[in-house]
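The block underneath contains the structure these notes are about, expressed in structure tokens.
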């Protein structure tokens with residue numbers, strides 16, 4: 001049974017190549033905006049997120065993707081973030097990132113390559129890790145030939 005996506009779930013399509021990590025972080029932040037204290041992050045990231053949240057939280061997913069695709073400041077911020085890590089970015093990347101979030105007591109998988117959020121089951125902020133882990137374990141079994149599973153959690157300190 002396909003469920004109509006909850007309008008409170010922040011979701012955007014990924015239309016920019018090799019940006020699934022950025023889209024995953026945007027999904028995580030967009031769905032936890034009330035919990036985030038931007039003052040703890042660097043100025044480039046704060047500017048990037050402030051602009052993102054102010055301009056696109058109220059727009060349709062298709063318009064959010066266009067904004068990310070066309071905005072030079074967003075491209076610059078993405079490039080700075082991508083180049084800022086310890087690992088060199090490779091051409092021909094085959095990895096893909098998604099985000100799991102809890103909205104209104106429901107677990108959603110947010111994959112910018114999909115047309116809409118994927119509803120999984122009941123969840124709570126307190127059990128989000130365990131709820132997402134159940135889905136992830138199913139995926140690992142489903143795609144057992146792949147050795148490319150990485151899990152990252154963004155959480156309060």
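In the UniProt record's numbering, the protein residues as written are 1 to 157.
A virtual CB, placed ideally from N, CA and C, is assigned to each residue, including glycine.
It should be emphasised that the depicted structure is a prediction, and the values quoted were computed from it without experimental measurement.
Exclusion of the five residues before and after residue 98 leaves 24, 109, 110 and 111 as the residues of its chain whose Cβ lies within less than 7 angstroms of its Cβ. Taking C-beta atoms as the reference points, residue 128 and residue 120 fail to come closer than 9 angstroms.
Shown here for residue 28: same chain residues with a beta carbon closer than 7 angstroms to its own, the five before and five after excluded, namely 99, 101 and 154 in chain order.
Per DSSP, reduced to three states, the secondary structure at residue 71 is coil, with no helix or strand assignment. Taken atom to atom, the span from the alpha-carbon of residue 10 to that of residue 53 is near 10 angstroms. Inclusion of residue 31 and residue 103 in the CB contact set at 9 angstroms is warranted, their separation being smaller than that value.
DSSP lists 99 as the beta-bridge partner residues of residue 110. Residue 115 counts as exposed, since fewer than 16 other beta carbons sit within 10 angstroms of its beta carbon. Secondary-structure assignment with DSSP links residue 119 through a beta bridge to 108. Here residue 26 is buried. Its C-beta has 16 or more other C-beta atoms within 10 Å.
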